[in-house]
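Participant: Residue numbers (the numbering used here): 23 to 227.
(1) Count the C-beta pairs between the region 197-208 and the region 133-153 that are closer than 8 Å, then say yes if the count reaches three, no if not.
(2) Three-state secondary structure (DSSP) at residue 28?
(3) When we look at the beta-carbon of residue 188 and count the other beta-carbons within 10 Å, is it buried (16 or more) or exposed?
(4) With distances taken between CB atoms, is the gap from residue 49 to residue 92 smaller than 9 Å?
(5) I think residue 54 touches residue 137, with their Cβ atoms under 8 Å apart; what is that distance to the nearest whole Å?
(6) With a floor of 4 residues, list each alpha helix (DSSP H) that falls wholly inside the region 48-88, ordered by position along the chain.
(7) What residues in its chain sit with their C-beta under 8 Å from that of residue 165, if we drop five residues either side in the sequence?
(8) Beta carbon of residue 177: closer than 8 Å to some heavy atom of the ligand GTP?
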């Protein structure tokens, strides 16, 4: 698993977490109301009551603030997916729950607030570090499930593990990547059960 963490925004100046958190909370509200693309750092500074220069002491750019917000959302999704997987005993059920949790959590966090979804779109299209790390963690979780299933005799062992994990990840990718998710909304009701069922049949020993 990658040693990277979901903390892509690098602070300048004093590491005052309270101020950083205050900026992120205010920015989240502002982006939610006016949209990420239409908001400037000057707009944020005026809304928060800070100077633009003071904000730059903690975040080097608007994107750095957006990355922190995006990382927080992705961390929530990852936690929900891992909780769903951990609640299952057998690997096939873990895989089913993983598919279902990825879709449901992504939809909830990215479709309820269309303004904040703009951040996710920018993050995915520009390959922000928060998205790269999140996808690496999800891919590693998938590979761990496959490895466990093989050890328990529940999955086939002929296909190289990384090849099997890569192929299954591609099946899940439209529901993992925020940029692609917007084109998959019409299939989210049936996709988790159908896709996981197809994948599990291909994994039968």
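All C-beta atoms, glycine included, are put in the ideal place defined by N, C-alpha and C.
Facilitator: According to the structure data:
(1) When Cβ pairs closer than 8 Å are counted between the two stretches, the region 197-208 is seen to touch the region 133-153, the count reaching three or more.
(2) Walking along the chain shown from the start, residue 28 turns up at place 6. For residue 28, the predicted structure reports a pLDDT of 38, less than 50, and the residue's modelled location is therefore unreliable. A value from the coordinates is still provided. Residue 28 falls in the coil class under three-state DSSP.
(3) As a working note, residue 188 is residue 166 in the chain shown. Burial is judged here by how many other beta carbons sit within 10 angstroms of a residue's own beta carbon; residue 188 has fewer than 16 and is exposed.
(4) The residue labelled residue 49 in the question sits at position 27 within the chain shown. The residue labelled residue 92 in the question sits at position 70 within the chain shown. No, these two residues do not count as a Cβ contact at 9 Å.
(5) Position 32 of the chain shown holds residue 54. Position 115 of the chain shown holds residue 137. The Cβ separation is near 5 Å, so the contact holds.
(6) As far as the region 48-88 is concerned, its whole alpha helix (DSSP H) runs of at least 4 residues are 63-70 and 74-78.
(7) Reading the chain shown from its first residue, position 143 is the one you call residue 165. Excluding positions up to five away in sequence, the list reads 183, 184 and 187.
(8) As presented, the structure is devoid of all ligands, the ligand GTP included, so that no description of it is given.
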